[in-house]
Amino acid sequence: MEHIAALLLIIGCSDDLAQCQELPAPVPVFETAEECETEVPNAMGRFTGTHPQIFAQCIPVDPAMEEEDAELTWEVKPDGTLIASIGPSDVTVATNSHRTEQGYAGRD
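Following this line, the structure appears as structure tokens:
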């Protein structure tokens, strides 16, 4: 099984950076960060003329996280800086292992 080491994120924005969206990368995942970095200029070139501002970034992926639910988050700052990361999903499941009949007092 091959491990993902980097994800290529491409973002297209309006001139004023008020409207941004993810764009489909031709090859979204890479086994090494170096392979990803090599693809950045080609990937950005695909979208030249489609969006006034284009940003691309290779995001490292922990191979151990490959089996977990992960969430990609990104933001384009007003100065044009793209900040992106991959981390565990924020979904939390709460359980109560001390459930008793008293907890259901309103159900007679």
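If you use the working numbering, the sequence shown corresponds to residues 41 to 148, in order.
For glycine and all other residues, C-beta sits at the position ideal for the given N, C-alpha and C.
Bear in mind that the values here come from a model prediction, so they are computed numbers and not experimental data.
CB of residue i within 8 Å of CB of residue j, strictly
i	j	result
A65	P100	no
Per-residue burial, residue i [other beta carbons within 10 Å of its own, 16 or more giving buried]
i	result
E79	buried
A96	buried
Heavy atom of the ligand ATP within 7 Å of residue i beta-carbon
i	result
P118	In terms of ligand content, the structure shown is empty, and the ligand ATP therefore cannot be addressed.
Cα-Cα separation, residue i to residue j
i	j	result
L122	L48	13 Å
P118	A124	15 Å
P128	D102	11 Å
Per DSSP, cross-strand counterpart(s) of residue i
i	result
E115	I123
L63	I50
Which of helix, strand or coil DSSP assigns to residue i
i	result
G143	For G143, the pLDDT reaches just 42, beneath the cut-off of 50, and the residue's location in the model is therefore unreliable, although a value from the coordinates is still provided. If DSSP states are grouped into helix, strand and coil, G143 belongs with the helices.
E71	coil
T88	strand
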